[in-house]
Amino acid sequence: MKKFINLYQLSKTLRFELRPIGKTLENIERKGFLSEDEKFRGKSDVIRAKSYEKVKELIDNYHKKFIENSLVKVHITIKNLTEYYKYFRIKNKNDAQNDAFEKIQKILREQITEVFNTTRLFGNELIKEDLLK
Numbered sequence: 076m077k078k079f080i081n082l083y084q085l086s087k088t089l090r091f092e093l094r095p096i097g098k099t100l101e102n103i104e105r106k107g108f109l110s111e112d113e114k115f116r117g118k119s120d121v122i123r124a125k126s127y128e129k130v131k132e133l134i135d136n137y138h139k140k141f142i143e144n145s146l147v148k149v150h151i152t153i154k155n156l157t158e159y160y161k162y163f164r165i166k167n168k169n170d171a172q173n174d175a176f177e178k179i180q181k182i183l184r185e186q187i188t189e190v191f192n193t194t195r196l197f198g199n200e201l202i203k204e205d206l207l208k
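Using my numbering, the first residue of the sequence shown is number 76, and each one after it goes up by one.
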């Protein structure tokens, strides 16, 4: 059993916001850290932070709609899907099968990304031009 322990480095990512609880929350409220932070940052920073939340929601909705509309335009042949499924089902692939599976995956990715490369999804142009439309 020991030969299976500590073989790989462990990495973790936090995906959720950190919320203070118990004594930490009481200390933050008692000492007024958050209100001091808002005073220090200034009114324009608070407005910018609130505006960011609204714009982020708009961009997220834009991306979702874009993805939905784009995926309809993707043309994947039955031959490519059949070949993908054939290799996908094989549990213990040999080297040749792995190579063939990677090749068909690359072809399918290219067909999908070809549609996504037709517009701007990020950057200033998205905010200043595309979202306004």
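Think of the CB as a built atom: it goes at the ideal place given N, C-alpha and C, for glycine as much as any other residue.
Item to complete: Report the rounded CA-to-CA distance for Val-212 versus Glu-204, giving the unit in angstroms.
Response: Lying outside 76 to 208, the shown extent of the chain, residue 212 is not represented and no answer is given.
Worksheet item: Gln-186 and Ile-153: beta carbons closer than 8 Å?
Response: As a first step, residue 186 is located in the sequence shown; it is residue number 111 there, counting from the start. As a first step, residue 153 is located in the sequence shown; it is residue number 78 there, counting from the start. In this structure, Gln-186 lies away from Ile-153, with their beta-carbon atoms at least 8 Å apart.
Fill in: Alpha-carbon to alpha-carbon, Asn-155 and Leu-183
For the purposes of this step, residue 183 is taken as residue 108 along the sequence shown, with counting starting at 1. For the purposes of this step, residue 155 is taken as residue 80 along the sequence shown, with counting starting at 1. Between the alpha carbons of Leu-183 and Asn-155 lies a gap of roughly 7 Å.
Worksheet item: How many Å lie between Glu-143 and Asn-102 at the Cα?
Response: Within the sequence shown, the letter at position 68 stands for residue 143. Within the sequence shown, the letter at position 27 stands for residue 102. In a straight line, the C-alpha of Glu-143 is about 46 Å away from that of Asn-102.
Worksheet item: Between Gln-172 and Tyr-159, which are expected to be in contact by the criterion C-beta below 8 Å, what is the C-beta distance as a whole number of angstroms?
Response: Taking the sequence shown and counting its residues from 1, the one referred to as residue 172 is at position 97. Taking the sequence shown and counting its residues from 1, the one referred to as residue 159 is at position 84. Between Tyr-159 and Gln-172 the Cβ distance is about 12 Å, and since that is not below 8 Å, they are no contact.
Fill in: Rounded C-alpha distance that separates Lys-166 from Phe-176
As a working mapping, residue 166 is identified with position 91 in the sequence shown. As a working mapping, residue 176 is identified with position 101 in the sequence shown. Rounded to the nearest angstrom, the two C-alpha atoms are 12 Å apart.
Discussion item. I'd like to know whether the C-beta atoms of Leu-206 and Leu-133 end up nearer to each other than 8 Å.
Written reply: Locating residue 206 in the sequence shown gives position 131, counting from the first residue. Locating residue 133 in the sequence shown gives position 58, counting from the first residue. Cβ distance < 8 Å, so Leu-206 and Leu-133 count as in contact.
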